[in-house]
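Inspection log for the structure reproduced underneath, given as structure tokens.
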Amino acid sequence: VSSYQGGHVEYFKYMVDLLRARGGEHIQVFGGGGGVIVPEEIRELHAYGVSRIYSPEDGQRMGLQGMIGEMIMRCDQNLSAHAPQKIAAIQGHEDAAWRALSQLITALENSLVDPALVQQLHEQAAQTRVPVLGITGTGGAGKSSLTDELVRRFRLDQDDALRIAVVSIDPSRRKSGGALLGDRIRMNAIGPWRQGARVFMRSLATRDFGSEISAALPDVVAAARCAGFDLVIVETSGIGQGDAAIVPHVDVPLYVMTPEFGAASQLEKIDMLDFAQFVAINKFDRKGASDALRDVAKQVQRNREAWTVATEDMPVFGTMASRFNDDGVTALYQALKPR
17 VSSYQGGHVE
27 YFKYMVDLLR
37 ARGGEHIQVF
47 GGGGGVIVPE
57 EIRELHAYGV
67 SRIYSPEDGQ
77 RMGLQGMIGE
87 MIMRCDQNLS
97 AHAPQKIAAI
107 QGHEDAAWRA
117 LSQLITALEN
127 SLVDPALVQQ
137 LHEQAAQTRV
147 PVLGITGTGG
157 AGKSSLTDEL
167 VRRFRLDQDD
177 ALRIAVVSID
187 PSRRKSGGAL
197 LGDRIRMNAI
207 GPWRQGARVF
217 MRSLATRDFG
227 SEISAALPDV
237 VAAARCAGFD
247 LVIVETSGIG
257 QGDAAIVPHV
267 DVPLYVMTPE
277 FGAASQLEKI
287 DMLDFAQFVA
297 INKFDRKGAS
307 DALRDVAKQV
317 QRNREAWTVA
327 TEDMPVFGTM
337 ASRFNDDGVT
347 ALYQALKPR
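This is the structure:
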């Protein structure tokens, strides 16, 4: 937290108090404020529970990279110890249950959950009828924006009665091993509305360089189903022509692409066109979009051998997720809803 406006002692203490009150005492707080926060106040805040307040002298001695490195090192802790040991802890929609679900997902990612509990999750999930929508597609196709628009329509159309879990997967970088969990940046419709929080969102890293999904995804989906959500949406990282790893883990696969796929013959190579129940050609305002819609619809018709169905009746939709209340996104939503 960067604080240069005064009132920092009360502000930082209040933040620590809120974290403690909401079960987040393990979350560390770092801050700085140049010369505004004097040494005496820094000592007071450290004693109260703030992990570290960086002073101008720290900046001169450590440099920006040094301060960042120290924060990352101090935050590099195994949080799996906070994970619940029983399914009952994640069931419900109060803050405590969602926090327990988040902690359980962290432990599932790290493979630190009791195998017996994992088996219970899958057994109980198999008895639920919670639909799982899988959204996949090429990088930069607008999957996150489209996901957000679909969530918005579900909430508006259902009077915000549905509880929705969004699992968003971002790629890990081969060189550094890190991942920018940035899909949530595009999410504008997941916050609390009049009836409070209805959308739970969790980002995952692939932690692998050969797949668009996380190895923990089956367990995470099972946990979300057990938690009592009405709908689970899984968004993968960007995929290539031969990738379709999401298909076994979802009930309804949706493939998102753009009009710029090259020659029509390239469509023969896209594996997801064999498996997707719905196809969205996003960014439909781009040049050649209508031709792309025709070519993709014909390819889907060939893949399904649906010769008696007209190409315009294929489940292929032109969408513009960046446009407010886009008719194409609404048509896609109306087609998805019965599933």
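Per this note's numbering, residue 17 is the first one in the sequence shown, and the count goes up by one each step.
The C-beta atom is built at its ideal place from N, Cα and C for all residues, glycine as well.
Since we're looking at a predicted model, the values are computed, not measured.
Heavy atom of the ligand COA within 7 Å of residue i beta-carbon
i: Arg68; result: No copy of the ligand COA appears in this structure; indeed no ligand is present at all.
Assigned secondary structure, residue i (DSSP; H/G/I helix, E/B strand, else coil)
i: Glu251; result: strand
i: Phe46; result: strand
i: Arg115; result: helix
i: Pro187; result: coil
i: Tyr20; result: coil
i: Arg218; result: strand
i: Pro264; result: helix
i: Pro55; result: helix
i: Leu196; result: coil
i: Ala356; result: Coverage of the chain is limited to positions 17 through 355, which leaves residue 356 absent and any answer about it impossible.
i: Val272; result: strand
i: Ala181; result: strand
i: Arg68; result: strand
Alpha carbon of residue i to alpha carbon of residue j, nearest angstrom
i: Ser67; j: His24; result: 15 Å
i: Ala112; j: Pro275; result: 44 Å
i: Ala337; j: Ala322; result: 28 Å
i: Gly15; j: Tyr30; result: Past the edges of the chain, shown from 17 to 355, lies residue 15, and the structure says nothing about it.
i: Met273; j: Leu162; result: 11 Å
i: Ile84; j: Gly22; result: 24 Å
i: Asp226; j: Ala313; result: The sequence given here places Gly at residue 226; Asp does not occur at that position. Gly226 and Ala313: Cα-Cα distance of roughly 29 Å.
i: Val237; j: His265; result: 8 Å
i: Gln282; j: Gly158; result: 20 Å
i: Phe294; j: Arg310; result: 15 Å
i: Phe340; j: Leu197; result: 25 Å
i: Met78; j: Lys191; result: 26 Å
i: Thr144; j: Thr327; result: 35 Å
Sub-8 Å separation of residue i and residue j beta-carbons
i: Ile69; j: Ile53; result: yes
i: Ser356; j: Leu128; result: One cannot answer for residue 356 here, as it falls past the ends of the chain, which runs 17 to 355.
i: Ala240; j: Phe291; result: no
i: Ala232; j: Ser188; result: no
i: Ala105; j: Ala116; result: yes
i: Asp287; j: Glu251; result: no
i: Arg171; j: Trp209; result: yes
i: Gln211; j: Asp186; result: no
i: Gly155; j: Gly254; result: yes
i: Phe245; j: Val146; result: yes
i: Ile121; j: Arg218; result: yes
i: Cys242; j: Gln140; result: yes
i: Leu352; j: Leu149; result: yes
i: His138; j: Gln119; result: no
i: Pro72; j: Gly50; result: yes
i: Val345; j: Glu86; result: no
Cβ-based neighbour list, residue i, same chain, cut-off 8 Å, excluding 5 preceding and 5 following
i: Val167; result: Ile180, Val182, Met203, Ala205, Ile206, Val215, Ile249
i: Asn126; result: Asn94, Ser96
i: Glu60; result: Val25
i: Leu289; result: Tyr271, Leu283, Val295, Val312, Gln315, Val316, Asn319
i: Pro234; result: His138, His265
Element boundaries [alpha helix (DSSP H), containing residue i]
i: Leu128; result: That residue, Leu128, is in no alpha helix (DSSP H); it is neither H nor E in DSSP.
i: Ala238; result: 233 to 242
i: Ser306; result: 305 to 320
i: Ile84; result: 72 to 91
i: Ala347; result: 343 to 352
i: Leu289; result: 288 to 291
Contacts around residue i, its chain only, beta-carbon distance under 6 Å, and the 5 residues preceding and following it disregarded
i: Ala308; result: Pro275, Ile297
i: Ala347; result: Phe333
i: Gly65; result: Val32
i: Val263; result: Pro269, Phe291
i: Ser184; result: Asp199, Ser219, Glu251
i: Ile43; result: Leu35
i: Glu57; result: Val25
Span of the beta strand (DSSP E) around residue i
i: Leu149; result: 148 to 153
i: Ala157; result: Taken as a continuous stretch (DSSP letters only), Ala157 belongs to no beta strand (DSSP E), as it is neither H nor E.
i: Gly334; result: 332 to 334
i: Ile297; result: 294 to 297
Contacts around residue i, its chain only, beta-carbon distance under 7 Å, and the 5 residues preceding and following it disregarded
i: Asp301; result: Met336
Interface flag, residue i vs chain B, CB-CB below 8 Å
i: Pro275; result: In the displayed structure, chain B is absent; only one protein chain is listed.
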